[in-house]
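Asks: Take this structure, written in structure tokens, and hold onto it; I'll ask about it next.
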């Protein structure tokens, strides 16, 4: 076990368990492996995601927190910043080095002082306010811009599907 | 990590369910934002942010920027933050006791204030706490938490009470001081008009010292000597004093300009530093960087550790992120045996596999011998059976026809498999030209009918002749087998 990474993940886990932000639950999927977490995010109120609970998987690199984790929704997610396979594309998850998009401010990028909690809060606000400047899912982005009603309908359908209704 | 471990991790949220929730904020401000642990050898960057020495060194090695504000910085510009180190040490020492007191205070609070305004106050506090907990932004939540204590004098006084109780803990220091004082007189020259023997410290009248010295064996009386040794230097207890920045005997290592170093010189540098030199260039660079960070962080530390311990840290890194890390196979040593390769350990670990291989090889050899023997026996029996012998005897002439092609194969094979030679000619021949021998054999045996009605079991009348045709058909597959087996060195 990487002493630094697993210790820090342990601290973060405890912190999240004792003092969880609203609408967010997260922890290691299996307590033997601190490097794969499961997270549940509630859909923010006042958005078509409201009422939904979205499971996601976080994978941490061995040199965490120097490098950011990756996050992938394990449910259907129709959102401009989520790839069709569920991978989340958000600036806080991008290391400052690889500016593949060229539009992200360095201050929004991953830094070792960020945490799982901040990532999940950012993703939650991303659900409420998509960034359509660099969409991961172009179709969803276009629909969000041009046919908002249809977009919201799909999102609500996914919410219902996720709840098993 | 088991759940038990998780509970053992000390964390700022430990304060939330106590009577001093605001200590959570205090504690998190005493923790490094990178490793989330208490500051260990805190260093200030040029942008005035503070991190553990090792944390900031690793960050700067990886991207050269302050993790908090992303200002560019260099490790050479880091400065120690002794004051903070002291605060952290003091807090860590007081933490356990204070936490227990605060927990107990909370329990008592629950029992004592079962009525009236106090209960209202409690409820109000709780509700606010909940709100704070649920706040979407953490900072926001923390602000409300502190606000709540400001609007609540009751809680405030309680916390000061508690912290007063906490303050009483340093009493142990005073005790220590008293102890020290009670111990000190022993060391002072007691004013009893006696003097101490310079050799054994025994006290006696001045005029007796010289006669005593003639007899003195120089063995000091045990307790006295001990008392002297254990007497602390005339300084107040540690916790009260500014620890003077120790003059570290170790000099920080310089970072190398890896672009200017080829693999050879780089390896040499690593071996000069006494760290492993296996792996490719990329791994060597990463290992060197890691070592420099670990080593220099230790140089900053007021409590430097031995190089051996540092090497252990490097080994941990090696196993988790370096050459031995899972999923890092490409950086692991390939093909070349490591210098410190432990052959005994290796053979012990893989004994089972070796045994299996040996057993398999032996079984194969036995099988082959049995097959050979069987073939010989069959040949022998078949040769004694009049007509049936013709088909089996037929091949040799054919083989001789095709001789020109065979010698090459045999000559190649010979050194390994001389004992198999009797078979080889027929085998290789069959391979070269299978249809002809079969046909010729059958025709010569006047068994064309058998050949046409291929499902052999369906021909009871020709029963007696069947074994031969079968044998021939059987032989064709077995013989190539023999040929393919040739390259195997085991037999």
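Protein chains in written order, with the working numbering: chain A, 3 to 167; chain B, 5 to 495. Where is the CB? At the ideal position from N, CA and C, for every residue including glycine.
Quick check on residue 140(A): buried or exposed, where buried means 16 or more other Cβ atoms within 10 Å of its Cβ?
Replies: exposed
Asks: Have a look at residue 2(B) and residue 55(B) and give me their C-alpha separation to the nearest angstrom.
Replies: Look at the range of chain B in this structure, 5 to 495, and you will see that residue 2(B) is not part of it.
Asks: For residue 68(A), decide whether its Cβ has a neighbour in chain B, counting only Cβ atoms nearer than 8 angstroms.
Replies: yes
Asks: Report the neighbours of residue 41(B) on chain A: residues whose CB is nearer than 8 angstroms to its CB, in chain order.
Replies: Neighbours of residue 41(B) across chain A, judged by C-beta separation under 8 angstroms: 9, 10, 13.
Asks: When the cut-off is 8 angstroms and only beta carbons count, does residue 71(B) lie next to chain A?
Replies: yes
Asks: Check whether the stretch 286-294 of chain B touches the stretch 25-42 of chain A, counting contact only when three or more Cβ pairs, one atom from each stretch, lie closer than 8 angstroms.
Replies: no
Asks: Helix, strand or coil for residue 275(B)? Go by DSSP, reduced to three states.
Replies: helix
Asks: Between the Cα of residue 63(B) and the Cα atoms of 354(B), 328(B), 349(B), 298(B), which residue gives the shortest distance?
Replies: 298(B)
Asks: CB residue 326(B) to CB residue 274(B), shorter than 8 angstroms?
Replies: no
Asks: Count the other CB atoms within 10 Å of the CB of residue 137(A); is the residue buried (16 or more) or exposed (fewer)?
Replies: buried
Asks: So which residues on chain A does residue 63(B) lean against when the C-beta distance must stay under 8 angstroms?
Replies: 68, 114
Asks: By the DSSP assignment, the alpha helix (DSSP H) with residue 282(B) in it spans what residues?
Replies: Going by DSSP, residue 282(B) is part of no alpha helix (DSSP H) at all; its letter is neither H nor E.
Asks: Measure from the C-beta of residue 21(A) to each C-beta in chain B and report whether the shortest distance is under 8 angstroms.
Replies: yes
Asks: Taking any Cβ of chain A, which residues in the stretch 71-103 of chain B have a Cβ under 7 angstroms from it, in chain order?
Replies: 71, 72, 74
Asks: Quick check on residue 301(B) - is its C-beta less than 8 angstroms from some C-beta in chain A?
Replies: no
Asks: Assign residue 134(A) to one of three DSSP states: helix, strand, or coil.
Replies: coil
Asks: Report yes or no: do three or more beta-carbon pairs, one from the stretch 147-162 of chain A and one from the stretch 47-54 of chain A, lie closer than 8 angstroms?
Replies: yes
Asks: Quick one: which chain B residues come within Cβ less than 7 angstroms of residue 16(A)?
Replies: 10, 13, 15, 17, listed in chain order.
Asks: Is there a Cβ from chain A that is less than 8 angstroms from the Cβ of residue 67(B)?
Replies: Interface annotation, residue 67(B): in contact with chain A, CB-CB separation under 8 angstroms.
Asks: Using DSSP bridges, identify the partner residues of residue 61(A).
Replies: 38(A), 72(A)
Asks: Is there a C-beta anywhere in chain A that falls below 8 angstroms from the one on residue 37(B)?
Replies: True, the Cβ-Cβ gap to chain A drops below 8 angstroms.
Asks: For residue 365(B), return the contacting residues in chain A, with the cut-off set at a CB-CB distance below 9 angstroms.
Replies: Simply none; closest approach about 39 angstroms.
Asks: Near residue 79(B), which residues of its chain fall below 6 angstroms by C-beta distance, leaving aside the five closest residues on each side in sequence?
Replies: Around residue 79(B): 61, 64.
Asks: Who are the neighbours of residue 329(B) on chain A, taking C-beta pairs under 8 angstroms?
Replies: 64
Asks: If you reduce the DSSP assignment to three classes, tell me which class residue 35(B) lands in.
Replies: Here residue 35(B) sits in strand by DSSP.
Asks: Which class does residue 220(B) belong to by DSSP, given the choice of helix, strand or coil?
Replies: Three-state DSSP puts residue 220(B) in coil, outside helix and strand.
Asks: Residue 7(A): which of 39(B), 19(B), 207(B) sits nearest, CA to CA?
Replies: 39(B)
Asks: Using beta carbons (cut-off 8 angstroms, strictly below), is residue 20(B) in contact with chain A?
Replies: Yes, because at least one Cβ of chain A sits closer than 8 angstroms to the Cβ of residue 20(B).
Asks: With a cut-off of 8 angstroms on the beta carbons, I'd call residue 109(A) and residue 74(B) a contact; round off their distance for me.
Replies: With a Cβ gap of about 6 angstroms, residue 109(A) and residue 74(B) count as contacting.
Asks: Using a 10 Å radius around the Cβ and a threshold of 16 neighbouring Cβ atoms, would you call residue 72(B) buried or exposed?
Replies: buried
Asks: Could you please give the first and the last residue of the uninterrupted alpha helix (DSSP H) stretch that includes residue 56(B)?
Replies: Taken as a continuous stretch (DSSP letters only), residue 56(B) belongs to no alpha helix (DSSP H), being part of the beta strand (DSSP E) at 54-56.
Asks: Nearest to residue 162(A) by alpha carbon, out of 32(A), 79(A), 60(A), 14(A)?
Replies: Here the closest residue by C-alpha is 79(A).
Asks: At which residues does the beta strand (DSSP E) containing residue 29(A) begin and terminate?
Replies: 26-32
Asks: For a test of the three-state rule: what should DSSP assign to residue 294(B), helix, strand or coil?
Replies: helix
Asks: Return helix, strand or coil for residue 174(B), following the three-state DSSP convention.
Replies: Confidence in residue 174(B) is poor, its pLDDT being 46 and thus under 50, which makes the residue's placement unreliable; the coordinate value appears in the next sentence. When secondary structure is reduced to three states using DSSP, residue 174(B) falls in the coil class, being assigned neither helix nor strand.
Asks: For my contact list, residue 300(B) and residue 314(B) are in at a C-beta cut-off of 8 angstroms; report their separation, rounded to the angstrom.
Replies: In this structure residue 300(B) does not touch residue 314(B) by the C-beta definition: roughly 10 angstroms separates them, more than the 8 angstroms allowed.
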